[in-house]
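In full-length UniProt numbering, the protein residues as written are 1 to 138.
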Amino acid sequence: MVDTISKLGLVAKVGIILQEWVELGQCDGASETVPEGFWRTLVADRGPHGSPAPSRYSRAFLYYLRLSPTGNTNTNRLMAESEIEPSPAVNFVQRVHSVKRNRKLLVSETKKYEGLVPMTAEGEAVAAGYHEEQFELR
C-alpha cells in the first residue's frame, strides 16, 4: 500500500467542474498557473484521440476558472457560448467530460496524490504504478 484516501470530492455532475474539486486540487482562479497534477488528472493525462495531454490544457483550464471564479463551472454552457470551435478550451472540456463521469476526485493522505475513483470508493488504499513512463493511480 502506498497511501490511503484522505479527501474524497462529490460525484462529478455532467457538464460541471465542481468548485469542491477545484478547491481539493488547490486551484486559484487568480493564479497564473494551474497545478499540473490536477489538470492532468481531470483529463487522465490524455488529449484528443488518446494522445498525450497537451500542455495548452493548463491554459484552457485556467480560462474556464476565470470565467467562473466563485462557483461551479458549467462547461456545457461555456462551450455552447464559445465562438471558436474546436478551440483548445473546448477540446479540454470534452476530454474532462469523457473522463470524470460518475467519478469522485480523491486526494491521498500522506503523499497528496490526486486521482479519479468510482462513486463507491471510500477509505480504500491508493497504489501507484508506472505505465509507459506515465504515473497512474490504481
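Yeah, the Cβ is synthetic: ideal placement off N, Cα and C, and Gly gets one too.
Predicted model, so just to flag it, every value in this text is computed and none were measured.
I'd like to check one pair, residue j with residue i: are the Cβ atoms closer than 7 Å?
| i | j | result |
| --- | --- | --- |
| L62 | V34 | yes |
| R95 | V43 | yes |
| T120 | V93 | no |
| V11 | K111 | no |
Sort out for me which residues DSSP pairs residue i with in a bridge.
| i | result |
| --- | --- |
| D45 | Paired residues: none, contrary to the question. |
| T73 | I17 |
| S108 | I5 |
| A125 | T4 |
| P52 | R46 |
| R103 | P118 |
Note down, in chain order, each residue of its chain lying with its Cβ closer than 6 Å to the Cβ of residue i, except the 5 sequence neighbours on either side.
| i | result |
| --- | --- |
| F135 | Because F135 sits at a pLDDT of 45, beneath the cut-off of 50, its placement in the model cannot be relied upon, and the following sentence gives the value as read from the coordinates. No residues qualify anywhere along the chain. |
| L106 | I5, L8, G115 and V117 |
| N72 | I16, L18 and Q19 |
| G37 | E114 |
| R46 | A53 |
| A30 | none |
| E133 | Caution applies to E133, whose pLDDT of 43 falls short of 50 and renders its modelled position unreliable; the model cannot decide the point. |
Got a sec? Which residues, its chain only, sit under 7 Å from residue i by beta carbon, not counting five neighbours each side?
| i | result |
| --- | --- |
| S108 | D3, T4, I5, S6 and V126 |
| L78 | Y64 and L67 |
| W39 | Y57, S58 and F61 |
| V99 | L42, V43, A44 and L116 |
Ignore the nearest five residues each way along the sequence and tell me which others in residue i's own chain have a CB closer than 8 Å to its CB.
| i | result |
| --- | --- |
| Q26 | P35 and F38 |
| L24 | K7, G9, L105, V107 and E114 |
- Query: Three or more beta-carbon pairs under 8 Å between the region 16-24 and the region 51-59, yes or no?
  - Reply: They do not touch, by the three-pair rule.
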